[in-house]
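Just below is one structure, and these are the notes that go with it.
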Amino acid sequence: MKITLRAFGIAKEICGGSTLELELPEHATAGQLKQLLVLQYPRLGGLTSFLLGVNQEFAAPDTRISPSDELAIIPPVSGG
Amino acid sequence: MKITLRAFGIAKEICGGSTLELELPEHATAGQLKQLLVLQYPRLGGLTSFLLGVNQEFAAPDTRISPSDELAIIPPVSGG
Amino acid sequence: MKIQLKISDTPLDLMACINQVTDPACGGIDVFIGTVRDETQGKPVLRLEFEAYESMALREMQKIAEQTFEHWPVLSIAIHHRTGVLEVGDVAVVIAVGAAHRAAAFEACRYAIDTLKLTVPIWKKEVFEDGEVWVASHP
Amino acid sequence: MKIQLKISDTPLDLMACINQVTDPACGGIDVFIGTVRDETQGKPVLRLEFEAYESMALREMQKIAEQTFEHWPVLSIAIHHRTGVLEVGDVAVVIAVGAAHRAAAFEACRYAIDTLKLTVPIWKKEVFEDGEVWVASHP
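Chains as they are written, first to last, in numbering that gives the first Met the number 0: chain A, 0 to 79; chain B, 0 to 79; chain C, 0 to 138; chain D, 0 to 138.
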């Protein structure tokens, strides 16, 4: 399935843009998507941490991804 | 010696005015002045507590009073 | 180390107090605003009347300000207290503390208001429909 | 229980934020103001750039606000966060909490800013003379 991800902060710089498209196996989980992202953009692996946002919530690793989800790469936050 | 005291808050109401004059023995202490005040204005003794200000500082009981001191009756504070 | 103190019988200006503590080295400002509540222990309050022993109150406020600098890495503090007749919603006290980091600003501001209520010679009378009370005067 | 949240790319209005939490039942308001410092670990900062995942940031801010009501007897909370380019001295965040009594206002406000910094998807880039850094991004 084809998914679209938003990228913020340093993730936007690492991934080269504020949205990216990826091909993902059906029924993939957030954990698998993170692994795929690190393979494709190794600098993501060098961050303190990063999380995935699925429909505007922080996703647990076993969260199933569907093509209609709003997905985002969330590097370490630093607001305030 | 003759002294002048300022009274604030409920002490002003108890003593019937914002300044009062008293006759005090020479070399009297703040503690003695407090005792005299309670004798003269028994309702001061019914307060949660009261302190004396001597030259704009809270006075310890053994502080000596002189006629030139700025003296004040300080009932329980409740600012803020 | 900047200290600014004020006792005033006219309405306090929040922004003027906060502006006293802004500084390029400042990363966090904590501001406490004490306002007149509409009730005390379930009883409607009509108004409050504040009286200050002004010269001594300013000395005690100065001590509190200096203590915050001794105990926390703060850059600036402003303490403004109102006197006179205050209606519900009026501002009785404003304390603003600026620091490089927020923990010091929060802790020093909390210390300042807690200590002000204990040591600064200012008195508050609560006026109810059926009478009035000097707060804290009796056990 | 009143909650007001805002993310804005124009300068924050402190008084507008504080006015959101004033209330006749309110006796104490604590306000935290986060401002842009002129240096980080001794290095001069030219400016900051804030970016937000706005829809999710507002959801996380809503959670924080609701948590303050669960944990403390507070009446109202307003959380305003700035985005875009900020110069030294500019206000990045304002949190105002109103309560009947001051302890709840202080504690809830402190909780709100501490938690915002941990959970709300907003990112800050520090721009120095010789480069720029996304804060907290690397170990």
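Just so it is clear, CB atoms sit at the ideal spot from N, CA and C, and this is done for glycine as well.
CB-CB length for residue i against residue j, believed under 8 Å
i, j, result
"I78 (chain C)", "L4 (chain C)", "5 Å"
"G26 (chain C)", "T34 (chain D)", "6 Å"
"L23 (chain B)", "L51 (chain B)", "About 12 Å; that fails the 8 Å criterion."
"D8 (chain D)", "G97 (chain D)", "Wrong, their Cβ atoms sit about 26 Å apart, outside the cutoff."
"D29 (chain D)", "A104 (chain D)", "4 Å"
"T47 (chain B)", "A135 (chain C)", "6 Å"
"I17 (chain C)", "L11 (chain D)", "At roughly 12 Å, the Cβ-Cβ gap does not stay under 8 Å, so I17 (chain C) and L11 (chain D) are not in contact."
"A15 (chain D)", "T67 (chain D)", "Actually they do not touch by this definition, with Cβ atoms about 20 Å apart."
"E59 (chain C)", "V119 (chain C)", "4 Å"
Distance, residue j Cα to residue i Cα
i, j, result
"L115 (chain C)", "R36 (chain C)", "19 Å"
"E131 (chain D)", "K123 (chain D)", "10 Å"
"A145 (chain D)", "G83 (chain C)", "Outside the displayed span of chain D (0 to 138) sits residue 145 (chain D), for which this structure offers no information."
"H80 (chain C)", "E125 (chain C)", "17 Å"
"R95 (chain B)", "I72 (chain B)", "This structure cannot speak to residue 95 (chain B), because chain B is shown only from 0 to 79."
"H137 (chain C)", "Q55 (chain A)", "56 Å"
"H70 (chain C)", "E25 (chain A)", "59 Å"
"E48 (chain D)", "E38 (chain D)", "15 Å"
"S17 (chain A)", "A99 (chain D)", "45 Å"
"E86 (chain D)", "F57 (chain B)", "47 Å"
"P72 (chain D)", "L21 (chain B)", "49 Å"
"G44 (chain B)", "V37 (chain B)", "5 Å"
"S77 (chain A)", "T62 (chain B)", "56 Å"
"G15 (chain B)", "G8 (chain B)", "11 Å"
"R109 (chain C)", "Q34 (chain B)", "36 Å"
"V93 (chain D)", "Q39 (chain A)", "39 Å"
"Q61 (chain C)", "R101 (chain C)", "22 Å"
"D89 (chain D)", "F31 (chain D)", "14 Å"
"G79 (chain A)", "F49 (chain B)", "46 Å"
"L117 (chain C)", "Q40 (chain C)", "20 Å"
Own chain partners of residue i with C-beta closer than 7 Å, once the 5 adjacent residues on each side are dropped
i, result
"A27 (chain A)", "I64"
"P66 (chain A)", "M0, K1, I2"
"K42 (chain D)", "F127"
"P60 (chain B)", "T28, A29, G30"
"R42 (chain B)", "I13"
"W133 (chain D)", "W122, K124"
"F45 (chain C)", "Note on residue identity: the sequence assigns Leu, not Phe, to residue 45 (chain C). Excluding positions up to five away in sequence, the list reads V126, F127, E128."
"D113 (chain C)", "none"
Own chain, CB closer than 6 Å to residue i, minus 5 neighbours either side, in chain order
i, result
"A51 (chain C)", "I6, T82, I121"
"A10 (chain B)", "I72, P74"
"E69 (chain A)", "N54"
"A64 (chain D)", "I2, I76"
Residues near residue i by beta carbon distance below 8 Å, same chain, minus five either side
i, result
"Q139 (chain D)", "Residue 139 (chain D) cannot be examined here, being either before or after the span of chain D that is shown, 0 to 138."
"Y24 (chain C)", "This sequence places Ala at residue 24 (chain C); Tyr is not what is there. So the qualifying residues of the chain are L74, A99."
"L19 (chain A)", "T3, L4, A6"
Contact test: residue i Cβ vs the ligand ZN heavy atom, cutoff 7 Å
i, result
"K124 (chain C)", "Here there are no bound small molecules, and the ligand ZN is not part of this structure."
Mind checking the segment 105 to 128 of chain C against chain B and listing, in chain order, the residues whose C-beta falls within less than 8 Å of any C-beta there?
-> Residues I112, L115, K116, L117, T118, V119, P120, I121, W122, K123, K124.
Can you list, in chain order, the residues of the segment 74 to 97 of chain C whose Cβ is nearer than 7 Å to any Cβ on chain D?
-> V87, G88
With 7 Å as the limit, tell me which residues of the segment 3 to 28 of chain C have their beta carbon closer than that to any beta carbon of chain D; keep them in chain order.
-> L13, M14, I17, T21, P23, A24, C25, G26, G27, I28
Runs of alpha helix (DSSP H) wholly within the segment 66 to 131 of chain C (minimum 4 residues, chain order) | 101 to 118
With a floor of 3 residues, list each beta strand (DSSP E) that falls wholly inside the segment 9 to 72 of chain B, ordered by position along the chain.
-> 18 to 22, 50 to 53
Every unbroken alpha helix (DSSP H) inside the segment 13 to 58 of chain D [4 residues or more] = Taking 4 residues as the shortest admissible run, the segment 13 to 58 of chain D contains the following complete alpha helix (DSSP H) segments, listed from N- to C-terminal end: 13 to 20.
Against chain A: residues of the segment 47 to 63 of chain D by CB proximity under 8 Å | F49, E50, A51, Y52, S54, M55, A56, R58
Could you please tell me which residues of the segment 55 to 75 of chain B, in chain order, have their CB closer than 7 Å to any CB of chain C?
-> Result list: Q55, A71, I73, P74, P75.
Using Cβ-Cβ distances below 8 Å, what residues of the segment 26 to 52 of chain A are close to chain D?
-> G45, L46, T47, G52
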